[in-house]
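Step one of this worksheet: look at the structure below.
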Amino acid sequence: MKANMGMLDRVLRILIAVSIVILYYTHIISGTVAIVLLVVAGVFILTSFVSFCPLYYTFGLRTNKTAR
Numbered sequence: 004m005k006a007n008m009g010m011l012d013r014v015l016r017i018l019i020a021v022s023i024v025i026l027y028y029t030h031i032i033s034g035t036v037a038i039v040l041l042v043v044a045g046v047f048i049l050t051s052f053v054s055f056c057p058l059y060y061t062f063g064l065r066t067n068k069t070a071r
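Residues in the sequence shown are numbered from 4 upward in steps of one, following the working numbering.
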């Protein structure tokens, strides 16, 4: 797995994930929507830490300009 995510992409994913978690704990989102969004947040955090997104790889996208 080569890194295919740039720093900006990783930071934005973490910010979105944190926002979803905050919305959940303040009870703004709940039910099935909350569960789905929390799973998405978990995937965002995981892919941010490993710098690899399987969907990017599938579609041939790359936001990491330093590694080729």
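Every residue, glycine too, gets a C-beta built ideally from N, C-alpha and C. All values derive from a computational prediction rather than experimental measurement.
Proximity winner among the options, relative to residue i (alpha-carbon distances)
{"i": "Val42", "options": "Arg13, Ile23, Asn67 and Met4", "result": "Ile23"}
Beta-carbon spacing of residue i, residue j below 8 Å
{"i": "Gly20", "j": "Ile48", "result": "Before going on, a small fix: residue 20 reads as Ala here, not Gly. Cβ distance < 8 Å, so Ala20 and Ile48 count as in contact."}
{"i": "Leu40", "j": "Ile31", "result": "no"}
Euclidean distance between Cα positions of residue i and residue j
{"i": "Phe55", "j": "Asn7", "result": "5 Å"}
{"i": "Gly63", "j": "Val14", "result": "21 Å"}
{"i": "Gly45", "j": "Asn67", "result": "21 Å"}
{"i": "Leu11", "j": "Pro57", "result": "17 Å"}
{"i": "Ala25", "j": "Thr69", "result": "In the sequence as presented, Ala is not what sits at residue 25; that position holds Ile. Roughly 33 Å between the two C-alpha positions."}
{"i": "Ile17", "j": "Phe52", "result": "9 Å"}
{"i": "Lys5", "j": "Tyr27", "result": "33 Å"}
{"i": "Gly9", "j": "Arg65", "result": "8 Å"}
{"i": "Thr35", "j": "Thr29", "result": "16 Å"}
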